[in-house]
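Enquirer: Mind the numbering: the sequence shown is residues 661 to 779 in the numbering used here, read in order.
C-beta: ideal position from N, C-alpha, C; glycine also.
Model, not experiment: these values are computed from the prediction.
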Amino acid sequence: MASGAVLLAGLGMAATASPAQAAKSDCSSGALCAWLSSSYAGTPGQVWGNNTDLRQYNKFNNAGSVYNNGNSCDVRLYTLKDYEGRTYLLRRGYSISALKTHFADGRFKYGIASNKWVC
Numbered sequence: 661m662a663s664g665a666v667l668l669a670g671l672g673m674a675a676t677a678s679p680a681q682a683a684k685s686d687c688s689s690g691a692l693c694a695w696l697s698s699s700y701a702g703t704p705g706q707v708w709g710n711n712t713d714l715r716q717y718n719k720f721n722n723a724g725s726v727y728n729n730g731n732s733c734d735v736r737l738y739t740l741k742d743y744e745g746r747t748y749l750l751r752r753g754y755s756i757s758a759l760k761t762h763f764a765d766g767r768f769k770y771g772i773a774s775n776k777w778v779c
């Protein structure tokens, strides 16, 4: 382990987690988390369970990044309230660091409006 740390230091790389990883770790177990900025910077907004109206929460309404830290399920994200509009199935443990630009059709350019867990 020590030789690996020395090698990283010799290459000019730090052997610590990046800020994005540190902020992503702030997402509680079992939660769907959203951040206002891309790359998980700042404090996440967190929800559990199915939600018909995420627009009431600023961090989902204006989401820049999203992470499914669910315990056992995938989560379907919707562009409109009440599980309507365009969708995307975010697998458990997966994330999107630049949500507003990730999809070619721009479907989540204006955030996430509702979510439903899929087990």
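Hey, could you find the ends of the alpha helix (DSSP H) L692 is sitting in?
Expert: Your numbering for residue 692 matches position 32 in the sequence shown. Per DSSP, L692 belongs to no alpha helix (DSSP H); it is in the beta strand (DSSP E), L692 to W695.
Enquirer: Of the residues Y770, A723 and D734, which one's Cα is nearest the Cα of L696?
Expert: Translated into positions along the sequence shown, residue 696 becomes position 36. For L696, the nearest C-alpha among the options comes from A723.
Enquirer: Rounding to the nearest angstrom, what Cα-Cα distance links N729 and W777 in this structure?
Expert: Within the sequence shown, the letter at position 69 stands for residue 729. Within the sequence shown, the letter at position 117 stands for residue 777. Approximately 12 Å between the Cα atoms of the pair.
Enquirer: Please report the distance separating the alpha-carbon of P679 from that of L740.
Expert: Working through the sequence shown from its first residue, we reach residue 679 at position 19. Working through the sequence shown from its first residue, we reach residue 740 at position 80. For P679, the predicted model reports a pLDDT of 43, less than 50, meaning its position is unreliable; a value from the coordinates is still stated below. The alpha-carbon separation between P679 and L740 amounts to approximately 31 Å.
Enquirer: So who's on the other strand from T747, going by DSSP bridges?
Expert: Taking the sequence shown and counting its residues from 1, one reaches residue 747 at position 87. According to DSSP, T747 bridges with Y738.
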